[in-house]
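Accompanying notes for the structure given below.
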Amino acid sequence: MEGQISQQVPYFTTPNLLDHHPPYIPPFQVAGLAPGPSHEENGLELQWNSGLESKKKRPIEQAFLENNLANNNSNNNSQLSSADLLQARSVSIGLGLSLENPRLTSSGDSALLGLVGDALDRELQRQDAEIDRYIKLQGDRLRQALLEKFQATQLQTISYVEEKVLQKLREKEAEVEDINKKNMELESRMEHLTFEANAWQQRAKYSENMINSLKLNLQQVYAQSRDSKEGCGDSEVDDTASCCNGRPVDFLKDSKEMKELITCKVCRVNEVCMLLLPCKHLCLCKECESKLSSCPLCQSSKYIGMEVYM
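The sequence shown begins at 1 in UniProt numbering and counts up by one.
If you want it as structure tokens, here you go:
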């Protein structure tokens, strides 16, 4: 063979893959060869006679190419760069596991997304449960705090109302005590006034009897003076010569005594009109009676003075 080619490099195979698939050479470029198909003098193509048409690279052959690239880095006749050698190409192994298979990619992504979605749903459910439990706990605490505050406020209000009610009751009890005291005072006053009324009635009866006796005495005095006047003669000589019990009758003297009897014993001006009790002396006028506290005749204490109309 003419033309420069690199020494033959064995390719890596696995027992499992060789059992199912016969070995074949994929179309790839080897260091030292020009790109594209090259022919020998006999017109034969430079390729591995595996009897199978090469379609795509296998993932395991990419590792082989990487090893081949590492071994041929020292070769100066290499016309291909490592980027061209390691250019990614799809490899089919007949199982439908190619990375460029949309159905496999979508199914893998969907499975992965399903797992992630399930985990995310479980995490969200757990967080929702924790949030619900936290909200419920906070709600219970808030409800308990509000209940305690309401109970405290209610107790404070009840105590305030009780205090006000007790204060009102004490005030009413004090008012009732004052009313009872006033009632007792009024009852005692009524008893005293009743006693005084009875005393006044007795005194009125006594004064009435006294007045009647005085009137009787006055009538007797007037009758005696009239009888003595009628018994005298018509002449002046007989009048001056007349006598009573051998003595002449002095009418002026009798009138003076009567006037003295009905004259106040204090002022000696006004007529007597006040009967003093309990001594029963009719010896003062109304003005003098209000100024004295004792009888001027017997010097006894005056209890009351009653006015007598003569």
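The beta carbon of each residue, even a glycine, is placed where N, CA and C say it ideally should be.
In this structure, does DSSP put I304 in helix, strand or coil? strand
Examine the Cβ distances between the stretch 258-273 and the stretch 296-309 and report whether three or more of them are shorter than 8 Å. yes
Could you name the residues of the same chain whose beta carbon sits closer than 7 Å to that of I262, not counting the 5 residues immediately before and after it, in chain order? E271 and V272
Looking at S301: is its Cβ nearer than 8 Å to the Cβ of S290? no
Nearest candidate by alpha-carbon position, reference E208, set R170, C285, Q127 and K280: K280
How many Å lie between W200 and E257 at the Cα? 32 Å
For the alpha helix (DSSP H) holding C288, just list the boundary residues, first then last. K286 to K291
Rounded to a whole number of angstroms, what is the C-alpha to C-alpha distance between V116 and R126? 15 Å
Pick from L276, L120 and C285 that is closest to Q299, judged by C-alpha positions: L276
Which value, in whole angstroms, describes the spacing of the CA atoms of E148 and L120? 41 Å
Would you decide whether Y303 is buried or exposed? Buried here means 16 or more other CB atoms lie within 10 Å of its CB. exposed
Does DSSP put L146 in a helix, in a strand, or in coil? helix
Would you give the residue range spanned by the beta strand (DSSP E) that L297 belongs to? Per DSSP, L297 belongs to no beta strand (DSSP E) and is neither H nor E.
Just mark L142 as buried or exposed, buried being the case when its beta carbon has 16 or more other beta carbons within 10 Å. exposed
Measure the alpha-carbon distance for L297 versus V266 and round it to whole angstroms. 10 Å
Report the rounded CA-to-CA distance for L169 versus L155, giving the unit in angstroms. 21 Å
Chain C contact for T153 (CB, 8 Å cutoff): The displayed structure is made up of one protein chain only, and chain C is not part of it.
Using only the alpha-carbon positions, how far apart do L166 and N183 sit? 25 Å
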